[in-house]
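Q: In my numbering, the protein residues as written are 1207 to 1503.
Note that CB positions come from ideal geometry on N, CA and C, so glycine has one too.
A quick note: this is a predicted structure, and the numbers were derived from the prediction, not measured.
One structure is given below, represented as structure tokens, and several questions about it will come after.
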Amino acid sequence: MTEARVNPLVRHGSTAERPFEVVVNPENAGWTHSGLRVVQLPVGGRVKFVTGGDEMLVLPLIGGCDVACDDERLTLTGRRSVFSRVTDFAYLPRDAVVSLRAPNGGRFALPAARARRQLPFRYGPAEEVPVELRGAGSASRQVNNFCTPESFEADALIAVEVLTPGGNWSSYPPHKHDEQSPGESRLEEIYYFEVAPSPSGRPGCGYQRVYGHPDRPIDVCAEVRSGDVVLIPYGWHGPSMAAPGYDLYYLNVMAGPGERRWLIRDDPEHGWVRGAWAVQEIDPRLPLTTARERRRT
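Here it is, written out as structure tokens:
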């Protein structure tokens, strides 16, 4: 029997390595391909790092930044929060020296994947991010497909953002992608969570389910809060549950050994749910965000 080599639930700060508050890489995750760093910068703050064998993205979670990659530079407008706008982003090639500067401060995610090819440093405009409304009824959610095989060139990295209105379920029906076959990709996946606070500012929570196979056990049914991470080396995952009153955001980071494809297989016990969506409406609260910044309410 093969068990997960890591604790799949990674609490905020538990993998911190200054200056990064979240560090997930193949070495500490016990796998081979996927990674993520998150850094919080003060007003005027800077961080410098090397990409090494990884291709990476700079994805603003809060705020904007100037990005220098070797001898090239660009500026990311960013956003007020993950719940206010679809953001622009930058692609970083492997074997590059990178510096970020946040004139007004901010928090930035750096999704990563081990890469074979060195592709060019590039800008990803917010206006070109495909926004998909997926599911229906209480399984309605928004998917920002900013770095999928169809939307943005990369060597191995796949990354999307999912926004789920309070009370809804996403990553549903439960599905997996841990075998290489004509209808399924083998991908290691990271879920990074943020939860919108209540109107009075109280912190919120969501919930995440992951379960394995008889010969590959993994069992997660956990409360998640802003900054928490769930690692999925294999197994069925879903639902991701937004508690009533608290919108849920998560960043999915995926990579694997094969061709860059995102093919999933539903749990046969629950796959029938997709057919039920044909007679249900999409939640009218969606989309929660677009490329235009939402005004404060």
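#1: Grouping DSSP H, G and I as helix and E and B as strand, with all else coil, what is G1481?
#2: Are P1336 and P1380 touching if we call contact CB-CB under 8 angstroms?
#3: Between E1227 and Q1246, how many whole angstroms is the CB-CB distance? I'm expecting something under 8 angstroms.
#4: Identify whether S1344 lies in helix, strand or coil by the three-state DSSP scheme.
#5: For S1391, count the other beta carbons within 10 Å of its own beta carbon; 16 or more makes it buried, fewer makes it exposed. Which is it?
#6: Going by the beta-carbon positions, is the gap between V1435 and I1396 smaller than 8 angstroms?
#7: Would V1244 pass as a contact of Y1398 if the rule is Cβ separation under 8 angstroms?
#8: Give the DSSP-derived three-state secondary structure of N1374 in the structure shown.
#9: By how many angstroms is the C-alpha of H1218 removed from the C-alpha of G1433?
#10: I believe P1450 touches G1373 by the beta-carbon criterion, under 8 angstroms. Please report the beta-carbon distance rounded to the nearest angstrom.
#11: Measure the Cβ-Cβ separation of A1315 and D1361 and say whether it is below 8 angstroms.
#12: On the DSSP bridge assignment, give the partners of N1231 in chain order.
#13: State the DSSP-derived secondary structure class of A1332, mapped to helix, strand or coil.
#14: Among the residues of its own chain, which have a CB less than 6 angstroms from the CB of G1251, if the five just before and after it don't count?
#15: Look up N1350 in the DSSP assignment and say whether it is helix, strand or coil.
#16: At which residues does the beta strand (DSSP E) containing P1423 begin and terminate?
#17: Reducing DSSP to helix, strand and coil, say where I1268 ends up.
#18: Does DSSP put R1217 in a helix, a strand or coil?
#19: Could you tell me if E1394 is buried or exposed, where buried requires 16 or more neighbouring beta carbons within 10 angstroms of its beta carbon?
#20: Select from V1273, G1412, Q1348, R1285 the residue whose C-alpha is nearest the C-alpha of R1328.
#21: Closer than 8 angstroms is the cut-off here; do at least three beta carbon pairs connect the segment 1457 to 1467 with the segment 1296 to 1305?
#22: What's the C-alpha gap between P1371 and T1354?
#23: Taking 8 angstroms as the CB-CB cut-off, is Y1397 touching chain B?
#24: Beta-carbon separation of V1253 and L1306 under 8 angstroms?
#25: Have a look at the DSSP bridge pairing and note the partners of S1305.
#26: So, is G1270 buried or exposed, given that buried needs 16 or more other C-beta atoms within 10 angstroms?
#27: Helix, strand or coil for W1237 per DSSP?
#28: Measure the beta-carbon distance from A1461 to H1239 and round it to whole angstroms, keeping in mind my assumption that it falls under 8 angstroms.
#29: Name the DSSP bridge partner or partners of V1366?
A: Let me lay it out:
#1: Locating residue 1481 in the sequence shown gives position 275, counting from the first residue. The answer is helix: DSSP assigns G1481 an H, G or I state.
#2: On the sequence shown, position 130 is the one that residue 1336 refers to. On the sequence shown, position 174 is the one that residue 1380 refers to. No. Outside cutoff.
#3: Counting from one through the sequence shown, the residue named residue 1227 turns up at place 21. Counting from one through the sequence shown, the residue named residue 1246 turns up at place 40. Yes, E1227 and Q1246 are in contact; Cβ-Cβ is about 6 angstroms, under 8 angstroms.
#4: Residue 1344 sits at position 138 when you count from the first residue of the sequence shown. Helix, per DSSP.
#5: In the sequence shown, counting from the first residue as 1, residue 1391 sits at position 185. Buried, because 16 or more other Cβ atoms sit within 10 Å of the Cβ of S1391.
#6: Counted from its first residue, the sequence shown places residue 1435 at position 229. Counted from its first residue, the sequence shown places residue 1396 at position 190. Yes; because the gap between Cβ atoms is below 8 angstroms, this pair is in contact.
#7: The count along the sequence shown starts at 1 and reaches residue 1244 at position 38. The count along the sequence shown starts at 1 and reaches residue 1398 at position 192. In contact: V1244 and Y1398 (Cβ atoms closer than 8 angstroms).
#8: For the purposes of this step, residue 1374 is taken as residue 168 along the sequence shown, with counting starting at 1. Note: N1374 maps to coil in three-state DSSP.
#9: In the sequence shown, residue 1433 corresponds to position 227, counting from 1. In the sequence shown, residue 1218 corresponds to position 12, counting from 1. Looking at the two C-alpha atoms, the distance is approximately 5 angstroms.
#10: Taking the sequence shown and counting its residues from 1, one reaches residue 1450 at position 244. Taking the sequence shown and counting its residues from 1, one reaches residue 1373 at position 167. Rounded, the Cβ-Cβ distance is 4 angstroms, consistent with contact.
#11: The sequence position of residue 1315 within the sequence shown is 109, counting from 1. The sequence position of residue 1361 within the sequence shown is 155, counting from 1. Going by C-beta atoms, A1315 is not nearer than 8 angstroms to D1361.
#12: What you label residue 1231 is simply residue 25 of the sequence shown in a count that begins at 1. Paired residues: none, contrary to the question.
#13: In the sequence shown, counting from the first residue as 1, residue 1332 sits at position 126. Three-state result, A1332: helix.
#14: What you label residue 1251 is simply residue 45 of the sequence shown in a count that begins at 1. Correct list, in chain order: A1308.
#15: Here residue 1350 corresponds to residue number 144 of the sequence shown, with the count starting at 1. N1350 falls in the strand class under three-state DSSP.
#16: Position 217 of the sequence shown, counting from 1, holds the residue named residue 1423. Counting along the chain, the unbroken beta strand (DSSP E) around P1423 starts and ends at 1422 to 1430.
#17: As a position in the sequence shown, residue 1268 is number 62, starting the count at 1. In the three-state DSSP reduction, I1268 falls in the strand class (E or B).
#18: In the sequence shown, residue 1217 corresponds to position 11, counting from 1. R1217: coil per DSSP, three-state reduction.
#19: Stepping through the sequence shown from its first residue, residue 1394 is reached at position 188. In this structure E1394 is buried. Its beta-carbon is surrounded by 16 or more other beta-carbon atoms within 10 angstroms.
#20: Counting from 1 along the sequence shown, the entry for residue 1328 is found at position 122. If we check each option's Cα against that of R1328, V1273 comes out closest.
#21: no
#22: Your numbering for residue 1371 matches position 165 in the sequence shown. Your numbering for residue 1354 matches position 148 in the sequence shown. Approximately 23 angstroms, taken between the alpha carbons.
#23: No chain B appears in the structure shown, which is made up of a single protein chain.
#24: As a working mapping, residue 1253 is identified with position 47 in the sequence shown. As a working mapping, residue 1306 is identified with position 100 in the sequence shown. Contact: yes.
#25: To locate residue 1305, count along the sequence shown from 1; it is residue 99. DSSP, once it has assigned bridges, lists K1254, A1274 as partnering S1305.
#26: Residue 1270 sits at position 64 when you count from the first residue of the sequence shown. Answer is buried; the Cβ neighbour count reaches 16.
#27: What you label residue 1237 is simply residue 31 of the sequence shown in a count that begins at 1. W1237 sits in coil when the DSSP states are folded into three classes, being neither helix nor strand.
#28: Here residue 1461 is taken as the residue at index 255 of the sequence shown, counted from 1. Here residue 1239 is taken as the residue at index 33 of the sequence shown, counted from 1. With a Cβ gap of about 4 angstroms, A1461 and H1239 count as contacting.
#29: By 1-based counting over the sequence shown, the position of residue 1366 is 160. According to DSSP, which records beta bridges pairwise, V1366 is partnered with N1458.
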